[in-house]
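Enquirer: Okay, handing you the structure first.
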Amino acid sequence: MATDRVTAGQLWTGGERRAGFENSVGFFTFTHPVVITEGASPLALASFVVKQPAAGTHAERVLVELTAVNAASAQVAWRLSLDVPEWAKDMQDPLIPTVAASSGRVALLTVGAFKPAGRTTYAIDLVDQRVLWTRDLLEAKEIVKGTMVGITKDAIDSGYQAVAGYDLNTGEQRWRGEDSEYPVVGTGGPQFVHVGGQSKAGVSFDRLVDPQTGVIQKELPHMGRDCEYDGIGTLVCFRNWQGLSVWAFDTSNGELRWTLPKKATNRIAPTVTAVWHGRIYGRTESGPLTLDARTGEDLPTPPSVAPYAVNEYVGLALNGTDAMAYPAIG
Numbered sequence: 004m005a006t007d008r009v010t011a012g013q014l015w016t017g018g019e020r021r022a023g024f025e026n027s028v029g030f031f032t033f034t035h036p037v038v039i040t041e042g043a044s045p046l047a048l049a050s051f052v053v054k055q056p057a058a059g060t061h062a063e064r065v066l067v068e069l070t071a072v073n074a075a076s077a078q079v080a081w082r083l084s085l086d087v088p089e090w091a092k093d094m095q096d097p098l099i100p101t102v103a104a105s106s107g108r109v110a111l112l113t114v115g116a117f118k119p120a121g122r123t124t125y126a127i128d129l130v131d132q133r134v135l136w137t138r139d140l141l142e143a144k145e146i147v148k149g150t151m152v153g154i155t156k157d158a159i160d161s162g163y164q165a166v167a168g169y170d171l172n173t174g175e176q177r178w179r180g181e182d183s184e185y186p187v188v189g190t191g192g193p194q195f196v197h198v199g200g201q202s203k204a205g206v207s208f209d210r211l212v213d214p215q216t217g218v219i220q221k222e223l224p225h226m227g228r229d230c231e232y233d234g235i236g237t238l239v240c241f242r243n244w245q246g247l248s249v250w251a252f253d254t255s256n257g258e259l260r261w262t263l264p265k266k267a268t269n270r271i272a273p274t275v276t277a278v279w280h281g282r283i284y285g286r287t288e289s290g291p292l293t294l295d296a297r298t299g300e301d302l303p304t305p306p307s308v309a310p311y312a313v314n315e316y317v318g319l320a321l322n323g324t325d326a327m328a329y330p331a332i333g
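Its first residue numbered 4, the sequence shown is counted upward by one per residue in the working numbering.
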């Protein structure tokens, strides 16, 4: 479904099944948010696992399909069918396709499963509508400065994984970090990526890393694994469990700007719900609030809600199980 972000009116809905194809291969499937491409005519990219029934001498096939839809009109621009990776053929558990990211004319699609715990990444040329490269044992996560940063491992049954960087257009590996458990890759602003994990020695780490070289730019205090870039110059990291905490970093150099809670001034940390253009949205027991992302100070006029998604037009908040849209002011 697409909704006008100014009027909140429904523009279109999708989900019609293709003739001759069956959706939802496996026991269950997950629904991931679509990725919207850049440019004057953006595309909504979504991926599906489909089953092509047997016909004549052609046996039944399982395929991964990338569907590109005009974001304004809901017209399907094109579809691209991809063969499933070798490790996934004849498996019983469901395959999970995800459009991980896009930049310029390249989109990254990852196919994964729980058992075996395999991952394969496809790089798709959105203009020529073809596969640029494919890599097994790789899960794409972020695109920064022409580099795809993801999580790789040496074998499907390997107990350790590593964060690594790849050329977006060729798939050539540029660097590989240390082997670790529970690795994560997240946004670090326009210059860095946020990398976390637990080393073989059992030491947890959080870092800002240069996406092109893998060089560690800043060792961060061990934090919760949620970080959001405010779109201006601050990376806000937060832990909304096991003791609320918030950290804010300068994305130009990785320097810590401020942190909460702060006992010296009797300030507590909020539960963070969204970060957008210099503001942090959240709540405490006293209600919704906003903080200045650069300084950490409370802004004088608290909002009526704590939105979970914000842009220049609206903020989205939950009212029970209903999503509510509120107009943005200022």
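We put the beta carbon where it would ideally sit given N, CA and C, even for glycine. Computed from a predicted model, the values in this text were never measured in an experiment.
Is it the case that the Cβ atoms of A143 and L135 are separated by a distance below 7 Å?
Expert: Mapped onto the sequence shown, residue 143 falls at position 140. Mapped onto the sequence shown, residue 135 falls at position 132. No, the Cβ-Cβ distance between A143 and L135 is not below 7 Å.
Enquirer: So V109 and L129 are in contact, right, with Cβ under 8 Å, and what is the actual spacing, rounded?
Expert: As a working note, residue 109 is residue 106 in the sequence shown. As a working note, residue 129 is residue 126 in the sequence shown. Sure, about 7 Å apart at Cβ, within 8 Å.
Enquirer: Any contact of the stretch 237-248 with the stretch 175-182, i.e. 3+ C-beta pairs under 8 Å?
Expert: No: fewer than three Cβ pairs fall under 8 Å.
Enquirer: Would you kindly work out how many angstroms separate the C-alpha atoms of A5 and E41, rounded to a whole number?
Expert: Looking up residue 5 in the sequence shown gives position 2. Looking up residue 41 in the sequence shown gives position 38. Any reading at A5 needs caution, since the residue's pLDDT is 47, under 50, leaving its predicted position unreliable; the model's value is listed next. A5 and E41: Cα-Cα distance of roughly 17 Å.
Enquirer: Is it buried or exposed, V218, if we count other Cβ atoms within 10 angstroms and call 16 or more buried?
Expert: Taking the sequence shown and counting its residues from 1, the one referred to as residue 218 is at position 215. V218 comes out exposed.
Enquirer: Measuring straight from C-alpha to C-alpha, what distance separates G12 and A328?
Expert: Walking along the sequence shown from the start, residue 12 turns up at place 9. Walking along the sequence shown from the start, residue 328 turns up at place 325. Low confidence applies to G12: its pLDDT is 49, below 50, so where it sits in the model is not reliable enough to give any reading.
Enquirer: Using a Cβ-Cβ cutoff of less than 6 Å, which residues in the same chain neighbour G257 once the five nearest sequence positions on both sides are dropped?
Expert: If you number the sequence shown from 1, residue 257 lands on position 254. So the qualifying residues of the chain are L211, Q220 and K221.
Enquirer: Among F208, D253 and N243, which has the Cα closest to the Cα of P264?
Expert: As a working mapping, residue 264 is identified with position 261 in the sequence shown. Considering only alpha carbons, the answer is N243.
Enquirer: Return the chain-ordered list of same chain residues with a C-beta closer than 6 Å to the C-beta of Y185, the five sequence neighbours on each side being excluded.
Expert: Residue 185 sits at position 182 when you count from the first residue of the sequence shown. Within the same chain, Y185 has close Cβ partners G200 and Q201.
Enquirer: Grouping DSSP H, G and I as helix and E and B as strand, with all else coil, what is T304?
Expert: On the sequence shown, position 301 is the one that residue 304 refers to. Looking at T304 - three-state DSSP - the assignment turns out to be coil, as it is neither helix nor strand.
Enquirer: Starting from D86, trace the beta strand (DSSP E) both ways and give me its first and last residue.
Expert: In the sequence shown, residue 86 corresponds to position 83, counting from 1. Run containing D86: V79 to D86, per the beta strand (DSSP E) assignment.
Enquirer: Restricting to Cα atoms, I'd like to know which of T123, A204, D295 and D96 is closest to P88.
Expert: Position 85 of the sequence shown, counted from the start, is the residue given in the question as residue 88. With distances taken between Cα atoms, P88 lies closest to T123.
Enquirer: Taking the DSSP output, what are the residues bridged to A251?
Expert: Position 248 of the sequence shown, counted from the start, is the residue given in the question as residue 251. In the DSSP output, where bridge partners are listed per residue, A251 has V239 and W261.
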